[in-house]
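Number of protein chains: 2
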Amino acid sequence: MMDQTETKISEKEIYDGRIVRLHVDQISLPNGAEAMREVVDHLPGVSILPVKDGCFYFVKQFRYAVHRLMTEIPAGLIDPGETPKEAAVRELQEEIGLKPLRLEYLCSIQPSPGFLDEEHTIFMAESFEVSKLDEDEDEFLQIVKIPIRTARMLFEHGFFEDAKTVCALGYYFSR
Amino acid sequence: MMDQTETKISEKEIYDGRIVRLHVDQISLPNGAEAMREVVDHLPGVSILPVKDGCFYFVKQFRYAVHRLMTEIPAGLIDPGETPKEAAVRELQEEIGLKPLRLEYLCSIQPSPGFLDEEHTIFMAESFEVSKLDEDEDEFLQIVKIPIRTARMLFEHGFFEDAKTVCALGYYFSR
Numbered sequence: 000m001m002d003q004t005e006t007k008i009s010e011k012e013i014y015d016g017r018i019v020r021l022h023v024d025q026i027s028l029p030n031g032a033e034a035m036r037e038v039v040d041h042l043p044g045v046s047i048l049p050v051k052d053g054c055f056y057f058v059k060q061f062r063y064a065v066h067r068l069m070t071e072i073p074a075g076l077i078d079p080g081e082t083p084k085e086a087a088v089r090e091l092q093e094e095i096g097l098k099p100l101r102l103e104y105l106c107s108i109q110p111s112p113g114f115l116d117e118e119h120t121i122f123m124a125e126s127f128e129v130s131k132l133d134e135d136e137d138e139f140l141q142i143v144k145i146p147i148r149t150a151r152m153l154f155e156h157g158f159f160e161d162a163k164t165v166c167a168l169g170y171y172f173s174r
Numbered sequence: 000m001m002d003q004t005e006t007k008i009s010e011k012e013i014y015d016g017r018i019v020r021l022h023v024d025q026i027s028l029p030n031g032a033e034a035m036r037e038v039v040d041h042l043p044g045v046s047i048l049p050v051k052d053g054c055f056y057f058v059k060q061f062r063y064a065v066h067r068l069m070t071e072i073p074a075g076l077i078d079p080g081e082t083p084k085e086a087a088v089r090e091l092q093e094e095i096g097l098k099p100l101r102l103e104y105l106c107s108i109q110p111s112p113g114f115l116d117e118e119h120t121i122f123m124a125e126s127f128e129v130s131k132l133d134e135d136e137d138e139f140l141q142i143v144k145i146p147i148r149t150a151r152m153l154f155e156h157g158f159f160e161d162a163k164t165v166c167a168l169g170y171y172f173s174r
């Protein structure tokens, strides 16, 4: 079988910012030819599908990059030194004021592996205690509680467009 | 209900490349405060879940941004002037040598709406004629045919990590 590995020849950093780093690499292809790859490095993230009293909990948030309100499962970046589980517990307390007593691992995804190194881990939680942490200062969230049956209908009609949310619901509904 | 809209004050372009454009915007938050948003613009994409003779067809490809081989449904960028359906038909002919006779719309996703404007449309195809188009010069793909039952087991065990592939399979298996 052909070795498909692409090897870095050189890297040019374009930008190193708050949540993204952009670099353009010169690479060597499997056939020996050279090519260019634009790569965005992004901090890893976590999200959680909260299930409580027959409902899912979502957050509705204006997403500036896509210019609209999106209904998503609670999510956030993993802080330095945190495990994905620790980040998931913290984010759920910040965004919906519930502390999960147990997290079930659903899946890990690469949102856009053609150019983006981001890794995203998705959990599900079904038992909680009320415990609110302060939200991020520049986030304005609205909590949306949707009965599972309604969410399934919305899912089937393509209402959810956020990839991690669709992945989490796909796992949940395919069981 | 609170208006959650974030409004652009100014934009600074950092990079305008082949598949990505990076800009850093100063924005006005719903409470009147200002914040900074790093935004990556990316060309829109399409992907197709091909189902034939009880099997799914995947492509296995080295993804430089994540440093590993990924097993994904066939996918690609929408060329200027193409509709998502036209791009899907072309990509399937290029990547696996099958021309879909009919495309069923599954969903549209935003891979990472926190910073990325990319829109990705996913179709399913179940009838084909053999018709090969030339592949992109710098892509080295391996076609992988997996029986649906095996793919379901792999899906449940978290083998698939590419977001669009997980979304497509989640839709398929949740029906």
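Heads up: the sequence lines are chains A and B, in that order.
Per numbering that gives the first Met the number 0, the first sequence runs over residues 0 to 174.
Per numbering that gives the first Met the number 0, the second sequence runs over residues 0 to 174.
For every residue, glycine included, the Cβ atom is placed at its ideal position computed from N, Cα and C.
Scan the segment 102-120 of chain A for residues whose Cβ lies nearer than 7 Å to a Cβ of chain B and list them as they occur along the chain.
Cβ contacts with chain B: Cys106, Ser107, Ile108, Gln109, Pro110, Ser111, Pro112, Gly113, Phe114, Leu115, Asp116 and Glu117.
Distance, Cα to Cα, Phe122 of chain A vs Leu48 of chain A?
Spanning the two alpha carbons is a distance of roughly 6 Å.
Partner residues on chain A for Ala34 of chain B, Cβ-Cβ distance less than 8 Å:
Asp137
Start and end residues, alpha helix (DSSP H) containing Met1 of chain B:
Per DSSP, Met1 of chain B belongs to no alpha helix (DSSP H) and is neither H nor E.
Can you give me the C-alpha to C-alpha distance between Ile18 of chain B and Pro43 of chain B, rounded to a whole angstrom?
Looking at the two C-alpha atoms, the distance is approximately 10 Å.
What three-state label does DSSP hand Thr149 of chain B in the structure shown?
The answer is helix: DSSP assigns Thr149 of chain B an H, G or I state.
Would you verify that the beta carbon of Gly157 of chain A is, or is not, closer than 8 Å to some beta carbon of chain B?
So yes, Gly157 of chain A belongs to the interface.
How about Ile108 of chain A and Val58 of chain A: do their beta carbons lie closer than 8 Å?
no
Starting from the N-terminal side, write out each stretch of the alpha helix (DSSP H) that is 4 residues or longer and does not extend beyond the segment 45-109 of chain B.
Secondary structure in the segment 45-109 of chain B: the alpha helix (DSSP H) runs of 4 residues or longer, each lying completely within the stretch, are 83-95 in chain order.
Among residues of its own chain, excluding the 5 on either side of Thr240 of chain B, which ones have a beta-carbon nearer than 7 Å to its beta-carbon?
Residue 240 of chain B falls outside the range modelled here, since chain B spans only 0 to 174, and no answer is possible.
Amino acids of chain B, ordered along the chain, whose beta-carbon sits closer than 7 Å to that of Ser173 of chain A
Gly169, Phe172 and Ser173
Once you ignore the five residues that flank Val38 of chain B on each side, which residues in its own chain have a CB closer than 7 Å to its CB?
His22, Asp24, Phe114 and Asp116
Check the DSSP bridge columns for Ser9 of chain A and list the partner residues they point to.
A:Gln25
Looking at chain A, which residues of the segment 37-59 of chain B have a Cβ within less than 9 Å of any of its Cβ atoms?
Glu37, Val38, Val39, Asp40, His41, Gly44 and Lys59
What is the rounded straight-line gap between the Cα of Ala124 of chain B and the Cα of Cys54 of chain B?
12 Å
Report yes if the C-beta distance between Leu100 of chain A and Pro73 of chain A is below 8 Å; otherwise report no.
no
Chain A contacts made by the segment 9-36 of chain B, where a contact means CB separation under 8 Å:
If the cut-off is 8 Å between Cβ atoms, the segment 9-36 of chain B has Ile13, Tyr14, Gly16, Arg17, Ile18, Val19, Leu21, Val23, Asp24, Ile26, Leu28, Pro29, Asn30, Ala32, Ala34, Met35 and Arg36 near chain A.
Cβ of Glu5 of chain A within 8 Å of Cβ of Phe61 of chain B?
Contact: yes.
Verify the CB distance criterion: does Arg62 of chain A have a CB-CB separation below 8 Å to chain B?
yes
Got a sec: is the Cβ-Cβ distance from Glu160 of chain A to anything in chain B below 8 Å?
Answer yes: the Cβ-Cβ gap between Glu160 of chain A and chain B drops below 8 Å somewhere.
Ile26 of chain B classed as buried or exposed, judged by whether at least 16 other C-beta atoms fall within 10 angstroms
buried
Given a threshold of 16 other Cβ atoms within 10 Å of its Cβ, counted over all protein chains shown, does Ser130 of chain B qualify as buried or as exposed?
Taking all protein chains shown into account, Ser130 of chain B has fewer than 16 neighbouring C-beta atoms within 10 Å of its C-beta and is therefore exposed.
If we ignore side chains and look at the alpha-carbon of each, how far apart do Gly165 of chain B and Met35 of chain A end up?
Checking the sequence shown, residue 165 of chain B turns out to be Val, not Gly. One alpha carbon belongs to Val165 of chain B, the other to Met35 of chain A, and they sit about 28 Å apart.
Note the first and the last residue of the continuous beta strand (DSSP E) segment covering Ala167 of chain B.
Here Ala167 of chain B belongs to no beta strand (DSSP E); instead the alpha helix (DSSP H) covers Ala162 to Ser173.
Taking only three categories from DSSP, how would you classify Glu155 of chain B?
helix
Assuming Asp40 of chain B is part of the beta strand (DSSP E), what are its boundary residues?
Residues Glu33 to His41.
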